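Number of protein chains: 2
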Amino acid sequence: MTKPDLGLGRLERLRALLSAEVPALIVNSVANIRYLLEAPTMFDDDFGGILLVTEKTAALIVDSRYSGQTKEADLDCEVEPVVGSLWETLAKAAKRSKLRRAGFESRYLTVAQWQQLTKDVPIELVPAKDLVEQLRAVKEASEIDCLAKAARIADEVFNEILNFLGPGLSEREVALEIDFKMRRAGAEKSSFATIVATGPNSAYPHAGAGSRRTQLGDLIKMDFGAVYEGYHSDMTRTVVLGAATDRQRHVYAAVLEAQTAVLDGLRPGLTGAEADALARNVFESIGMAKNFGHNLGHGVGLEVHESPILGQKSEGRLDVGAVFTVEPGLYFPGFGGVRIEDMVVMRENGIQILTNSAKQLVEL
Amino acid sequence: MTKPDLGLGRLERLRALLSAEVPALIVNSVANIRYLLEAPTMFDDDFGGILLVTEKTAALIVDSRYSGQTKEADLDCEVEPVVGSLWETLAKAAKRSKLRRAGFESRYLTVAQWQQLTKDVPIELVPAKDLVEQLRAVKEASEIDCLAKAARIADEVFNEILNFLGPGLSEREVALEIDFKMRRAGAEKSSFATIVATGPNSAYPHAGAGSRRTQLGDLIKMDFGAVYEGYHSDMTRTVVLGAATDRQRHVYAAVLEAQTAVLDGLRPGLTGAEADALARNVFESIGMAKNFGHNLGHGVGLEVHESPILGQKSEGRLDVGAVFTVEPGLYFPGFGGVRIEDMVVMRENGIQILTNSAKQLVEL
Chain H
1 MTKPDLGLGR LERLRALLSA EVPALIVNSV ANIRYLLEAP TMFDDDFGGI LLVTEKTAAL
61 IVDSRYSGQT KEADLDCEVE PVVGSLWETL AKAAKRSKLR RAGFESRYLT VAQWQQLTKD
121 VPIELVPAKD LVEQLRAVKE ASEIDCLAKA ARIADEVFNE ILNFLGPGLS EREVALEIDF
181 KMRRAGAEKS SFATIVATGP NSAYPHAGAG SRRTQLGDLI KMDFGAVYEG YHSDMTRTVV
241 LGAATDRQRH VYAAVLEAQT AVLDGLRPGL TGAEADALAR NVFESIGMAK NFGHNLGHGV
301 GLEVHESPIL GQKSEGRLDV GAVFTVEPGL YFPGFGGVRI EDMVVMRENG IQILTNSAKQ
361 LVEL
Chain U
365 MTKPDLGLGR LERLRALLSA EVPALIVNSV ANIRYLLEAP TMFDDDFGGI LLVTEKTAAL
425 IVDSRYSGQT KEADLDCEVE PVVGSLWETL AKAAKRSKLR RAGFESRYLT VAQWQQLTKD
485 VPIELVPAKD LVEQLRAVKE ASEIDCLAKA ARIADEVFNE ILNFLGPGLS EREVALEIDF
545 KMRRAGAEKS SFATIVATGP NSAYPHAGAG SRRTQLGDLI KMDFGAVYEG YHSDMTRTVV
605 LGAATDRQRH VYAAVLEAQT AVLDGLRPGL TGAEADALAR NVFESIGMAK NFGHNLGHGV
665 GLEVHESPIL GQKSEGRLDV GAVFTVEPGL YFPGFGGVRI EDMVVMRENG IQILTNSAKQ
725 LVEL
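Going down the list, the protein sequences come from chains H and U.
Numbering follows my numbering, in which position 339 of the first sequence is assigned residue number 339; successive positions increment by one, without gaps.
To convert, count from 1 in the second sequence and add 364; that's my numbering.
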């Protein structure tokens, strides 16, 4: 795969990936549509439209709920209001472009949609994967600016939340405070349902935020992020309420050591698996690899989880311009868990960290 | 279709829908899994697990991020941690149950997942649609209690927001205030990205909430809802900042008349299309049907949009126990739009309205 030429527009970069096999692409991921049209905050999650990109044309098919705002937005595409059904309208657009064959996004199109597509659109349909995603995996400078700003909002809020934390607060109250503070600091919304997992709940990597109240001695794991101009941030910090026990210190130090090993070791061209191993090896050396059950990290951008993936089976390489998380963790049922997560951008000489909150163990 | 017997557990009711054609179901919709396991707030949106329901067994296949909390939750199913891949683990569970054939949820499974499923699970796979959804469309009393509570939270917040509204506020500030107030009033989160569309922006049914600031004379359309114990509410009110113009009054009165016609006319057994026509006929009689471009309403429950749909092509019937929105609207580019939306539950003798905010035109 050749490197994308960031001098070209996004639609042109996608066209450079088209081929005889996939001479056009039916895009139904709303995140991919936002990306290609450079409209990162346009369309809500109900949007069920389609962008048809051919060698020469781009047509956005939208239903009546969205046609007014779409036409006014002066996007770099034709706007086709749905007449009849979405797929029938797509069929007409395909016919006008004399398309005989097109790719569709197999990662997003459901089987039911595919059944309707094959019924209504009489052209050859080819499953295609990750064409737009591979473009999105390498960020433009303006995208990195938004991601850095989203990370700064989360940093600010973490700093403030340390003053808010104390015994007797429910996880949900803490999550609410984090969400409020991020919105007040300029976030459009939270990147995902904020995780506040306290005491034994911190042993669950995806615990949510429940009714348990903080107690002295708790590990408090907070995983959250802000959306700014459509771009997501994602960070985790784990603190102790009161003085840390020896075991808490030991686990925290191990996670921080693993994260530091990754941050120091990352270079462009490493595979996601090689990056993951930088952390996993640290845990293996102290017999705790089995307590690190999830991936090391994931790309962040217009979605909170996107390419590249950093995990044991990830063969894709980490290119210059990739923005992703580094989030090793250790989890012990009954005792609790520690995760430390930063968002970073890959540069020529190694990574630049976008999350700036301190990482020494905080005892509140 | 026979009516579901609400005396049976949910898994048993699903089993009653199984057949020689679909002798088991591979459930991958997280909302459907929450429903079947009676765990409405369990698992976040990252959850990528699968529930395999056969005539006699139910196995929940979860990756390591979720296995701890899932095991502790004492759900009415076996818990199978992923070994290898999700689909390989499913294949083993299918083999243990001696399955030769199973349905999958074609509405939720993506083509890429389906390709992996057919590769890894060597049984006959049949697309199935809406089996769990038809159960979910008829709510149990405890579900209606949660939906009513979610609607009450939104009502309370609407009442408070009337005191907050004034000139010079950005749409985003108003949306933020609505979201904060709902969380403080006990919502787990907002049902969806709160819509605050002011002035000409109100002409867009799905406008979001942007940077435009309120001015005297604006229509202010607010569409929002709260999630309580996993159940969603959804309401819309449109108010005028200052004294309404004659045209604003006229449009508002037409929308209210259409909504009243629906609320008065709804009876169990009507189709979604017949319900939709109750509103559309009112608009047709005054030559404004073309300004009502969306459906009349949608079911609400564990998801903010679910069965039944009330639209021009909706053949499904509105049964006793269905909970859905009634939300006619009229939209005029340049001028603005009005929508009034209540959530209702179908009872034997007609509907009970769960949204209790007043509907006379508010001039602030």
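C-beta: ideal position from N, C-alpha, C; glycine also.
These numbers come from a predicted model, not from an experiment.
H/Arg267 (DSSP reduced to helix, strand or coil): coil
Beta carbon of H/Leu318, beta carbon of H/Pro308: below 7 Å? yes
Can you check whether the C-beta of H/Gln134 is within less than 7 Å of a C-beta belonging to chain U? no
Sequence ranges, beta strand (DSSP E) only - wholly within the region 306-357 of chain H, length at least 3: 306-310, 323-326, 329-332, 336-339, 342-347 and 350-353
Comparing C-alpha positions only, which one of H/Gly103, H/Leu60 and H/Lys71 sits nearest to H/Leu18? H/Gly103
Sequence-distant residues of the same chain with beta carbon closer than 6 Å to U/Gly588, five excluded per side: The residue you asked about is not Gly; residue 588 of chain U is Phe in the sequence shown. Closer than 6 Å at Cβ, skipping near neighbours: Ile542 and Thr558.
Is the region 544-555 of chain U in contact with the region 508-526 of chain U, if contact means three or more CB pairs nearer than 8 Å? yes
DSSP-derived helix/strand/coil call for U/Ile542: helix
Just to confirm before moving on: does the CB-CB distance between U/Tyr430 and U/Arg500 stay below 7 Å? no
Is there contact here, the region 236-248 of chain H with the region 208-223 of chain H, by at least three beta-carbon pairs under 8 Å? yes
Within the same chain, show all residues whose beta-carbon is closer than 6 Å to that of H/Ser202, passing over the 5 residues directly before and after it, in chain order. Leu219, Lys221, Gly336 and Gly337
Please decide whether H/Arg280 counts as near chain U, where near means a Cβ-Cβ distance under 7 Å. no
How would you call H/Glu54, buried or exposed, if buried means at least 16 neighbouring beta carbons within 10 angstroms? Position check: residue 54 of chain H holds Thr in this sequence, whereas Glu was assumed. With 16 or more Cβ atoms within 10 Å of its Cβ, H/Thr54 is classed as buried.
Contact between the region 490-510 of chain U and the region 384-403 of chain U is defined here as three or more beta-carbon pairs at a separation below 8 Å; is this criterion met? yes
Taking a Cβ distance cut-off of 8 Å, strictly less, list which residues of the region 94-118 of chain H are near chain U, in chain order. Phe104, Ser106, Arg107, Tyr108, Leu109, Thr110, Val111, Ala112, Trp114 and Gln115
Which same chain residues end up closer than 6 Å to U/Ala349 when comparing Cβ atoms and leaving out the 5 residues on each side of it in sequence? The structure shown does not extend to residue 349 of chain U, since chain U is modelled only from 365 to 728, so the question has no answer here.
When the Cα of U/Ala571 is compared with those of U/Lys420, U/Val496, U/Met710 and U/Glu535, which residue comes out closest? U/Glu535
Give the list of continuous alpha helix (DSSP H) stretches no shorter than 4 residues that lie fully inside the region 98-181 of chain H. 111-120, 131-136 and 141-164
If you measure from the beta carbon of H/Gly293 to each beta carbon in chain U, is any gap under 7 Å? yes
Which one or two residues does DSSP pair with H/Lys221 in a beta bridge? H/Ala197 and H/Thr238
Rounded to whole angstroms, what's the CA-CA distance from U/Thr366 to H/Ala148? Just pull it up for me. At U/Thr366, the pLDDT of 46 sits below 50, so the modelled position is not reliable and the matter cannot be decided from this model.
Measure the Cβ-Cβ separation of U/Pro569 and U/His669 and say whether it is below 7 Å. no
Consult DSSP for H/Ser190 and reduce its assignment to one of helix, strand or coil. strand
Please work out which residues of its chain come closer than 8 Å, Cβ to Cβ, to H/Leu90, disregarding the five sequence neighbours upstream and downstream, and give them in chain order. Ile26, Ile50, Leu52, Ile61, Leu117, Asp120 and Val121
Opposite H/Ile368 in the DSSP bridges: which residues? Here chain H comprises residues numbered 1 to 364, so residue 368 of chain H is not present and cannot be evaluated.
Are the CB atoms of H/Asn291 and H/Tyr331 nearer to each other than 7 Å? yes
At 7 Å on the CB atoms, spell out the chain H contacts of U/Gln433, in chain order. Tyr204 and Ala207
From U/Gly432 to H/Ser233, what does the alpha carbon distance come to, in whole angstroms? 27 Å
Alpha carbons only, please: which of U/Met652, U/Ser393 and U/Ile704 is nearest the one belonging to U/Gln477? U/Ser393
Residue span of the alpha helix (DSSP H) that contains U/Leu378, given as start and end: Arg374 to Arg379
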